Amino acid sequence: MTARVGYLGPIGTFTHGAALDLCPDAELIALSTQAVAIDALGAGEIDAAVVPVDNSVHGLVLPTWDALLGSVDATIVADTTVPVTFDAFVKPDSSTPRVIVSHPHALAQCSAFVQAQGLATRAASSTAEACRTLADGEMAIAAPLCGDLYGLEVVDRGVEDVVGAATQFGKVVSPGQRVDPVQSATDASVLLLAVVPQHNEAGALLSVLSPIREAGLNLVNILARPIAHSDREFLFLLFVEGMDEAAAHSGLLGAIRGTGATVANLGRLSGHVRHVTPATRSLPRRMTVDG
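Numbering (the UniProt record's numbering), first residue to last: 1 to 291.
So this is what it looks like as structure tokens:
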């Protein structure tokens, strides 16, 4: 039976390309949001979902992580990294553009081009959706393949701010349905842990991180998400590099739980997302000013 795999549509999105890479023999089903994809997975309507997880310039894709945290057991079992480059398009015979349309992440990744145009912006649910619904007087920013897919004319190519940026995508399954095993631990792989400390007090996060530090493991990222209807409590997503919870670090999850924390394993990525070409280190302007 052919696997049914959901991805953020419509066709032509970067997620579509990632789904073709991760699930080349599957029936691909375009869905509207990460939350819809994860809900469809939980309901058994699809066998897997492909969603963006991290970008080498703008960091974690929060709607994906919130959707994973809102699921019962959705788990990342594989990943792929897709180079991110953008072109600007208009409809044939369009009037002079007055608005630039794209996904918010794409608008942010092409901010210099957007500012140079001096036009208003409109957010779309995806870069491909911006092209599919493009109106007269609008300019879309999207993946190069969208031009041919949606019959658009190229205004400019390679309009991204950072050449060589990349987005990491995860294949998500439900453990009760999955055939794919979670990928094996390596020194470069990143285990994804959601942790809620036992007590909402100063030093609570430090107590959770201490077993990881004592094991000599590196955190490549950490994300705090507020817990709804709580008194300033937070859930922490920990991205732990090189952790092998089944062998070398078999006692580490127990040690974290031993602090009283609640822990959930969200799966594993093959590594931390990086640019696909070398990039010059560039601190935000505020961090380059002394005083």
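Think of the CB as a built atom: it goes at the ideal place given N, C-alpha and C, for glycine as much as any other residue.
Computed from a predicted structure; not experimentally measured.
### Query
Can you tell me the Cα-Cα spacing of Q115 and S207, whole angstroms?
45 Å
### Task
Might you give, ordered along the chain, the residues of its own chain that have their beta carbon closer than 8 Å to the beta carbon of C23, omitting 5 neighbours on each side?
A3, V5, A48, V50 and K171
### Task
Report yes if the CB atom of T75 is closer than 8 Å to the CB atom of D21, and no otherwise.
no
### Query
Closest to residue 316 by CA distance: which of L191, E129, S174 and P92 is it?
Residue 316 lies beyond the residue range present for the chain, which begins at 1 and ends at 291; the question has no answer from this structure.
### Task
Mark M243 as exposed unless 16 or more other C-beta atoms lie within 10 angstroms of its C-beta, in which case mark it buried.
buried
### One or two residues paired with S102 in a DSSP bridge
A123
### Query
Does the Cβ of V90 have 16 or more other Cβ atoms within 10 Å, making it buried, or fewer, making it exposed?
buried
### Sequence-distant residues of the same chain with beta carbon closer than 8 Å to S107, five excluded per side
Sequence inspection shows Leu at residue 107; the Ser mentioned does not correspond to that position. So the qualifying residues of the chain are I100, V114, T121, A123 and I141.
### Task
Would you list, in sequence order, the uninterrupted beta strand (DSSP E) runs of no fewer than 3 residues that lie entirely inside the stretch 119–167?
120–123, 138–142 and 153–156
#### Entry: Beta-ladder partner(s) of T262, from DSSP
V196
### Query
Taking C-beta to C-beta, are R132 and P10 nearer than 8 Å?
yes
#### Entry: One or two residues paired with R268 in a DSSP bridge
L191
### Task
Taking V82 as part of the alpha helix (DSSP H), name the residues at either end of that continuous run.
Element bounds for V82: not the alpha helix (DSSP H) but the beta strand (DSSP E), T75 to P83.
#### Entry: Neighbourhood of E245 by C-beta, 8 Å cutoff - its chain only, sequence neighbours within 5 removed
A185, L191, L252, L253 and N265
### Message
Give me, in chain order, the residues of the same chain whose beta-carbon lies closer than 7 Å to that of P211; leave out the 5 immediate sequence neighbours on both sides.
### Response
L252, A255 and I256
### Message
If I follow the unbroken alpha helix (DSSP H) through I38, where does it start and stop?
### Response
Q34 to G42
### Message
Considering only DSSP beta bridges, list what V61 is partnered with.
### Response
According to DSSP, which records beta bridges pairwise, V61 is partnered with nothing at all.
### Task
Flag this pair as yes or no: are the beta carbons of H103 and T127 separated by less than 8 Å?
yes
### Query
Pick from P278, R274 and R268: whose alpha carbon is nearest that of L68?
R268
### Query
Is it true that the CB of G158 sits closer than 8 Å to the CB of T85?
yes
### Query
Hey, D54 and Q168: beta-carbon distance below 8 Å or not?
yes
### Query
What distance in whole Å lies between the Cβ atoms of L41 and residue 301, which are believed to be in contact at a cut-off of 8 Å?
Nothing about residue 301 can be reported from this structure: the residues present for the chain run from 1 to 291 only.
### Query
Looking only at its own chain, which residues have a Cβ that is under 8 Å from the Cβ of D156, when we skip the five neighbours before and after it?
D87, A88 and F113
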